[in-house]
Amino acid sequence: MAKKKVLLMGKAHSGKTSMRSIIFANYLARDTTRLAPTLDVEHSHVRFLGDLVLNLWDCGGQDAFYESYFERDRETIFRSVELLIYVFDIESDDPEKDFDHFCGVLEAIEENSPDARIFVLIHKMDLVAEEDREAILEDRKGLIEDTCHSCGVESFQCFGTSIWDETLYRAWSEIVTNLIPNIGILETHLNNFCRVCDADEVVLFERATFLVISHAQATDPVEDSTNGGEQRKIDSVPDGSLKPHVKRTPHFDAHRFEKISNIVKQFKLSCGKAQSQFQGMEVKNSRFSAFIDAFTANTYIMVIVSNPNVHSAATVLNIQNARAHFERFIPRI
5 MAKKKVLLMG KAHSGKTSMR SIIFANYLAR DTTRLAPTLD VEHSHVRFLG DLVLNLWDCG
65 GQDAFYESYF ERDRETIFRS VELLIYVFDI ESDDPEKDFD HFCGVLEAIE ENSPDARIFV
125 LIHKMDLVAE EDREAILEDR KGLIEDTCHS CGVESFQCFG TSIWDETLYR AWSEIVTNLI
185 PNIGILETHL NNFCRVCDAD EVVLFERATF LVISHAQATD PVEDSTNGGE QRKIDSVPDG
245 SLKPHVKRTP HFDAHRFEKI SNIVKQFKLS CGKAQSQFQG MEVKNSRFSA FIDAFTANTY
305 IMVIVSNPNV HSAATVLNIQ NARAHFERFI PRI
């Protein structure tokens, strides 16, 4: 069983404990208002994908605690860190002090855990007017990049987040994926499964958190030169002839997976409150069919199919038959 130390740091009231509670403790966003501020360091062990345990250190953000982190407890806090997640409050009333603390944390990480991966979350973006979000986010990212470079940190990732939309799931999906060894092997198997199912997309979710672990996408359809150059996928039929079907449904939303994570997790929680257990669902319209089903012991899978020649029963059977194959290596990755 692999244990990974994760530091969650940032100013007091920046939203660290709220996001942790939503992702790992099944809180609804509206329920986080009853959470008390973190005092000193709160430890929790979160099981992820069965055999991976996140040793999560949620560090209180009051000034007095930072003095302790940087001096008396410096080695205890910052050694053996696999991931640092630093949270900025976009509406902080003292951003200069926030960046001073951030710089101190970076220096301590470089000293004690130089190989730690660093993620920065610019949180509470919902409080910024929608028309100003992109500009303000890019400005804050620039300041963070300058601070990182001044502290000798070249590699980091930055996300704008809010507990009220899918951005929180997008950021945390990216974070936890970095903790999964041999993720490339999983992606290869998922791509093969996507091809076998003739699916447009296949997405793998972690069972408890519903964070996106991996996804596969079909290659571009083959161009049918007999149809004026229009793109159509060519399928063979039993008599050996070829027949085109309409091209795959285009993807207009880059954040569709994270939105689905958020929606389905809320639905799962609603099922639990009704003393029912969520197993899966099938959604169909004129353009595609979507199948969400429990997959391995630690995952759910979503399969999107737009080819009208692929019957629902075939997709369901493919999911059932793939379970044992994926079960062999997902717990050990």
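Heads up: the sequence shown begins at 5 in this note's numbering, then just goes up one per residue.
The beta carbon of each residue, even a glycine, is placed where N, CA and C say it ideally should be.
As assigned by DSSP and simplified to three states, the class of residue i
| i | result |
| --- | --- |
| A29 | coil |
| C275 | helix |
| D35 | helix |
| R51 | strand |
| E158 | coil |
| H219 | strand |
| G164 | strand |
| D204 | coil |
| D3 | The chain is shown from 5 up to 337; residue 3 falls before or after that span and cannot be answered. |
| S148 | The amino acid at residue 148 is misidentified as Ser; the sequence shows Ile. Three-state result, I148: helix. |
| H17 | coil |
| S22 | helix |
| V268 | helix |
| I140 | helix |
| I334 | helix |
DSSP bridge partner residues for residue i (one or two, in chain order)
| i | result |
| --- | --- |
| I122 | L88 |
| M285 | I296 |
| Y304 | F209, A298 |
| L11 | W61, L88 |
| E340 | The displayed coordinates of the chain run from 5 to 337. Any statement about residue 340 would go beyond what the structure contains. |
| V309 | S293 |
| A6 | L56 |
| H127 | D93 |
Terminal residues of the alpha helix (DSSP H) in which residue i lies
| i | result |
| --- | --- |
| R327 | 316–331 |
| R199 | 187–201 |
| V180 | 171–181 |
| I81 | 78–82 |
| E71 | 67–74 |
Where the beta strand (DSSP E) through residue i begins and ends
| i | result |
| --- | --- |
| N59 | 56–63 |
| D104 | First-last for D104: 99–116, but that is the alpha helix (DSSP H), not the beta strand (DSSP E). |
Proximity below 7 Å, CB of residue i to CB of residue j
| i | j | result |
| --- | --- | --- |
| L141 | G164 | yes |
| L172 | M13 | no |
| T42 | G64 | yes |
| A112 | R78 | yes |
| Q221 | E205 | yes |
| V180 | L208 | no |
| F92 | I126 | yes |
| S293 | V309 | yes |
| V45 | W61 | yes |
| S25 | T36 | yes |
| I27 | T223 | no |
| V109 | I148 | no |
| E170 | N266 | yes |
| L194 | S159 | no |
| G389 | N302 | What is shown of the chain runs 5 to 337, which leaves residue 389 out entirely. |
| V85 | K9 | yes |
heavy atom of the ligand MN below 6 Å from residue i C-beta
| i | result |
| --- | --- |
| R291 | Inclusion of the ligand MN in the displayed structure is not the case, the ligand content being empty and no account of it being possible. |
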